[in-house]
Every structure is written in C-alpha cells, then in structure tokens.
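Note that our numbering numbers the sequence shown so that position 5 is -15, with each residue one more than the last.
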Amino acid sequence: MSDRGVLKVDKGYFETKDDVVRDMLKTGFWPTTHISLTSPELPVHWHDGDIIGYVMSGSTYILDGDSNKIQLEAGDRLVIPEGALHAEGEVTETVTYIVTLGRCEPYMNALRMLDPETYPTPDMLALDPELVTKLMSSVA
Ligand SMILES: [Fe+2]
C-alpha cells in the first residue's frame, strides 16, 4: 500500500456497491461490513494492519494524524494504512461501511485501537531509535 502511515480519503470514489466490489478485486482485500451507531469521537489511535473502508450511507468525519477534520459521506473511500494515526469522528446518525482488511483475521483484532502513547507506530520507532531502546529496556 502506498503512502505508508498516512490516512487518505478519496472523495466521491464510487457510486454503487458494484463499484466497491470491483475495487476490492483490485486491492485483494477481505470484505466485511460495519454499521456505526451513534458514538462519541474516538481517541487518536492506529491499527496493526491495512484497512480500506467505503462509506455506503450516512455521514461523519475522521481526524487525520495532524488532527485535520475530513468529512466522510456516501461514496467516499477511506484508506487507513497500518500505523496511520487517526480518530474516527462523532457519529450522530447511522453510518454503514464496507470495511476491507489487508489480511484475513478476526474483524475485532483488525479494528483494535492502538494508543500511540503505549504502542508507538512503526514510523515513530523508525524516526526515534532512542524510543526503541527505551521500550526494549522496559520489557527486559
Ligand atoms: Fe480506527
């Protein structure tokens, strides 16, 4: 997946479910669905795997790694590479997604939210060798 570690929203990427299926054939990702009921804005986190979501209905927003608020609505594709810091926004109406995963694994494992304060992203570790040393000494 390109743009490793950076969340991307492709506005107006698709029109129909068939468009999404065609895109899944290109990505090779594993599909499932997610229906988001009303919920508060989530804390900043990242996931240990690549996720691509397609907003089928409803609207909400997402915060990227720089806390930029990006509106999401039906037809938008959301690309969340492994390690990309983000926070799903408050949901005030039901939002339905087709969620696709880069590898076949239990859905709740794939969506596990990793707190960057506790679990630095791969990019954070690559940029800060001292952090790696600190973490290694804390588990020794
Ligand atoms: Fe997330």
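Ideal placement from N, C-alpha and C gives every residue a C-beta, glycine not left out.
Residue nearest to residue i in terms of C-alpha spacing, selected from the options
{"i": "Asp46", "options": "Ser117, Lys(-12), Ser118", "result": "Lys(-12)"}
{"i": "Arg57", "options": "Ala90, Tyr34, Pro102", "result": "Tyr34"}
{"i": "Ala67", "options": "Val75, Asp95, Gly82", "result": "Asp95"}
{"i": "Asp28", "options": "Asp108, Glu85, Leu115", "result": "Glu85"}
{"i": "Val71", "options": "Met88, Leu65, Glu53, Gly82", "result": "Glu53"}
{"i": "Glu73", "options": "Asp103, Thr18, Glu(-5)", "result": "Thr18"}
{"i": "Val59", "options": "Val75, Gly82, Gly38, Ser37", "result": "Gly82"}
{"i": "Glu62", "options": "Met93, Ile42, Tyr41, Leu43", "result": "Met93"}
{"i": "Ala64", "options": "Ser37, Asn89, Trp26, Gly55", "result": "Trp26"}
{"i": "Gly38", "options": "Ile32, Gly69, Pro100, Met104", "result": "Gly69"}
{"i": "Lys(-9)", "options": "Ile42, Phe9, Arg2", "result": "Ile42"}
{"i": "Leu22", "options": "Leu105, Ile32, Asp44", "result": "Asp44"}
Secondary structure of residue i, DSSP reduced to three states
{"i": "Ser(-18)", "result": "Low per-residue confidence applies at Ser(-18): pLDDT is 45, beneath 50, and the placement is therefore not dependable, though the value from the model is reported in the following sentence. It is coil, neither helix nor strand."}
{"i": "Thr98", "result": "coil"}
{"i": "Leu22", "result": "coil"}
{"i": "Pro109", "result": "helix"}
{"i": "Thr(-4)", "result": "coil"}
{"i": "Thr80", "result": "strand"}
{"i": "Ser118", "result": "helix"}
{"i": "Leu65", "result": "coil"}
Exposure label - residue i; buried when at least 16 CB within 10 Å
{"i": "Thr80", "result": "buried"}
{"i": "Asp30", "result": "buried"}
{"i": "Val119", "result": "exposed"}
{"i": "Tyr77", "result": "buried"}
{"i": "Met116", "result": "exposed"}
{"i": "Thr113", "result": "exposed"}
{"i": "Pro100", "result": "buried"}
{"i": "Ala90", "result": "buried"}
{"i": "Met36", "result": "buried"}
{"i": "Thr98", "result": "exposed"}
With ligand 1 as the reference, list in chain order each residue whose Cβ lies under 7 angstroms from any of its heavy atoms.
Residues lining ligand 1 by the Cβ criterion, that is a Cβ closer than 7 angstroms to any of its heavy atoms, are Leu22, His25, His27, Ile60, His66, Glu68, Leu91, Met93 in chain order.
Evaluate contact between the stretch 7 to 14 and the stretch 47 to 57, counting only Cβ atoms and requiring at least three cross-stretch pairs below 8 angstroms.
no
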